[in-house]
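Residue numbers (UniProt numbering): 1 to 280. For each residue, glycine too, the CB sits at the ideal point set by N, CA and C.
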Amino acid sequence: MTRPFLKMNGLGNDFVVVDARQTPFSPSATQVKAWGDRASGIGFDQLIAIEGSASGNAFMRVWNSDGGTVETCGNALRCVSWYLDRETPGADLHIDTLGGATTAKVLERDAATGMASVDMGEPRLDWTQIPLSEEMNTERLELQVGPIDAPLYHTPCAVSMGNPHVVFFVEDVAAVDVERTGSLIENHPLFPEGVNVEFAQVIDRNTIRMRVWERGAGITKACGTGACATLVACARRGLSDRHATVIMDGGPLHILWRQADDHVIMTGPVEVEFEGQLNG
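This is how it looks when you write it as structure tokens:
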């Protein structure tokens, strides 16, 4: 059978988005990997299914390109909100995920682009919420990469935004071997469910440069939950204010860790690339 999809991206973090509200969609890991292959398939970082929800406008399900499911994806939430906004333009949209409930609003849109804001909820900062395999201060993890007496990277901050993140602070993010270090940390025993790995260079108190290794997807141009986690990590360490622009390889996201309720608000662009059909 075939199934229509939209190919979309948020700052180059790209998705195949399927509307599964009327017809169930349960692809195998093998199918997801085949579709996600950039050489022989469609190519994407994540596959997204929009499903029905009893408590919200929709439920968003996420598969990484390696075939595994994950809890949530910030850039994909903006894309899904753009899709749903066609039905109720300008409304607040309640989108459930395995990582928790979110609220989104499309601020600007046209036929193929838009700008959306997502309330990602409160960051989860306790070691059990990341989760870690042992009790530890998540603001300053006892973790390092490289020689014991001269580590390359050390003492990162851990944050969950519905999915696990670890943020290393570096002087020059361009000098980081993201693939080598990210792949090493992703499956470290400290993170029983794996982890997304961010490397953050603080430019000033309102500007952060970040690169990311996503669990199950590898290097991506942008990561919405990673940008949120990075801002929270920098603010916790006193390196930034609670409102900053996080600049990734694909471009900037504007992140606010709101003082009033501790919710993290992510604002950024959406783009539709093309329509297609999934086979199999």
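Distance check between residue 127 and each of 114, 174, 151 and 163 places 163 closest, using alpha-carbon atoms only. The shortest CA-to-CA distance from residue 240 to any of 256, 225, 134 and 251 is the one to 256.
Shortest Cα-Cα distance from residue 180 to any of 91, 206, 70 and 152 involves 152. With distances taken between CA atoms, residue 169 lies nearest to 234 out of 107, 110, 133 and 234.
Counting along the chain, no alpha helix (DSSP H) covers residue 279; the unbroken beta strand (DSSP E) around it starts and ends at 264-279.
Per DSSP, reduced to three states, the secondary structure at residue 82 is helical. For residue 230, the uninterrupted alpha helix (DSSP H) run begins and ends at 224-236, by DSSP. Taken in chain order, the complete beta strand (DSSP E) segments of 3 or more residues contained in the segment 193-225 are 196-204, 207-214 and 218-220.
A distance of 9 Å or more separates the beta carbons of residue 36 and residue 78. Just measuring C-alpha positions, the residue of 104, 85, 102 and 121 sitting nearest residue 112 is 85. Counting other Cβ atoms within 10 Å of its Cβ, residue 269 reaches 16 or more and is therefore classed as buried.
By the Cβ criterion, the segment 30-49 is in contact with the segment 59-66, since at least three pairs of Cβ atoms, one from each stretch, lie closer than 8 Å. For residue 178, the enclosing alpha helix (DSSP H) has its first and last residue at 178-186. Here the C-alpha atom of residue 21 lies approximately 37 Å from the C-alpha atom of residue 178. The Cβ atoms of residue 217 and residue 231 lie no closer than 9 Å to each other.
Using a Cβ distance threshold of 9 Å, residue 246 and residue 254 count as a contacting pair. For residue 251, the enclosing beta strand (DSSP E) starts and ends at 251-257. Between the beta-carbon of residue 95 and that of residue 56 there is about 6 Å, and that keeps the pair under the 8 Å contact cut.
Under the DSSP assignment, residue 31 falls in the alpha helix (DSSP H) whose first and last residues are 29-36. Beyond the five residues adjoining it in sequence on each side, residue 155 comes within less than 6 Å, by CB distance, of 140 in the same chain, given in chain order. By the criterion of a C-beta distance shorter than 7 Å, residue 88 is surrounded by no residue of its chain, once the five residues flanking it on both sides are discounted. For residue 46, the uninterrupted beta strand (DSSP E) run begins and ends at 46-51, by DSSP.
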